[in-house]
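Below is one structure, written out as structure tokens; the observations come after it.
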Amino acid sequence: MPVLQKLHNLRSLYLNDRSYKGSSMVCSKGGFPQLLVLKMSFLFNLEELILEEQALQKIVELEIVNCRSLKVLTGLENLKTLQQLKLTDMSKEFLATIEETKVQTWANLAGLIRRPW
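Shown next, in the form of structure tokens:
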């Protein structure tokens, strides 16, 4: 991610089917300054996604599909421009954590989460 997040004109990014093999992904401060859409699917090794403060400053859509090893999503409350969060085919434990975080930390995003079930 260090190289990708420095692409200042990148507007959308789709990571799927083993395109990222690490267990931890960090979107660093100031990273992806113009990114509007981030979609991740079938990243089977991904266990942790960290969204640092001032990363993804213009993001409007975040979609995570079938990343069943994902246990930790840190920094979602930093995405002030987020309009849509889609979580599909995720583990029950992960979804429970997101629900708890939503209530405690970012209730303003409550209407943004779309779950297909």
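Here the UniProt record's numbering is used: the sequence shown runs in plain steps of one and ends on residue 117.
Cβ atoms here follow ideal geometry from the backbone N, Cα and C, with glycine treated the same way.
Can the beta-carbon of Ile98 be found less than 8 Å from the beta-carbon of Leu87?
Yes, these two residues count as a Cβ contact at 8 Å.
Can you give the Cα-Cα distance for Leu38 and Ala55, rounded to whole angstroms?
One C-alpha to the other measures close to 12 Å.
Have a look at Asn78, Asp89, Cys67, Glu77 and flag the residue whose alpha-carbon is nearest the alpha-carbon of Leu15.
Minimum Cα distance to Leu15 is reached at Cys67.
Does the distance from the CB of Gly75 to the CB of Ile50 come in under 8 Å?
Result yes, Cβ atoms of Gly75 and Ile50 sit closer than 8 Å.
Which residue's Cα is closest to the Cα of Ser91: Lys80, Leu73, Lys21?
Measuring from the Cα of Ser91, the nearest candidate turns out to be Leu73.
With a cut-off of 8 Å on the beta carbons, I'd call Phe42 and Ser69 a contact; round off their distance for me.
Between Ser69 and Phe42 the Cβ distance is about 11 Å, and since that is not below 8 Å, they are no contact.
In whole angstroms, give me the CA-to-CA distance for Leu35 and Gln57.
Looking at the two C-alpha atoms, the distance is approximately 8 Å.
Leaving aside the five residues before and after Glu48 along the sequence, list all residues of the same chain whose C-beta is less than 6 Å from its C-beta, in chain order.
Around Glu48: Ser24, Val72.
Less than 8 Å between the C-beta atoms of Ala52 and Val26, yes or no?
Looking at the sequence shown, residue 52 is not Ala but Glu. Cβ distance < 8 Å, so Glu52 and Val26 count as in contact.
Alpha carbon to alpha carbon, what distance is there between Leu95 and Met40?
One C-alpha to the other measures close to 16 Å.
Rounded to whole angstroms, what is the Cα-Cα separation between Ser12 and Gly31?
Answer to the nearest angstrom: the Cα atoms are 13 Å apart.
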